[in-house]
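Only one structure is covered here, and it is reproduced in the block below.
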Amino acid sequence: MREDIPQHGAIAALAKEYRDEVRTARLAADDPRHLEANSIPGLRAVTTFAGTESCISCHKTATEIWKKTGYADAFATLTRRKADADPN
Ligand code: HEC
């Protein structure tokens, strides 16, 4: 991800192909039937990103501190660099 280190074309293409596949891959965990075997009433079969807004009501001070750190922009950085589908 460092822009001062030149990318090897073939490796970069391979990485792009891999990320595209990860973005569209249907995982076993995404299959609602995967959860039904041990179904718990009220538990959602598909997980979603809760979003920052859902944490503020109880964690106001932590949110204000977090917003001033680089972590607040971390996912936007990954998305901008098309690295949001990296599993590590
Ligand atoms: C309804 C209130 C409420 C909401 C909403 C909430 N939390 Fe919490 N959270 C708590 C409470 C209560 C604790 C336990 C605090 C303690 O034990 O000192 C806690 C603990 C935590 C801890 C552990 C902190 C520690 O020092 O160990 C983290 C991390 C955390 N919450 C993150 C989140 C995130 C991220 C969200 C939003 C997706 C969120 N919380 C939403 C009430 C909430």
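At position 45 of the sequence shown the residue is numbered 45 (our numbering), and the sequence of numbers has no breaks.
Even for Gly, the Cβ is constructed at its ideal location relative to N, Cα and C.
- Between C55 and T63 the beta-carbon gap is near 6 Å, inside 8 Å, which marks them as a contact.
- Here R19 has A85 as same chain residues with Cβ atoms under 6 Å from its own Cβ, once five neighbours each way along the sequence are excluded.
- With respect to the 8 Å criterion, A72 and W66 are classified as neighbours on the basis of their beta carbons.
- Here DSSP, grouped into helix, strand and coil, assigns A25 to coil.
- For C55, the enclosing alpha helix (DSSP H) stretches over residues 53 to 56.
- In the three-state reduction of the DSSP assignment, A83 falls in the coil class.
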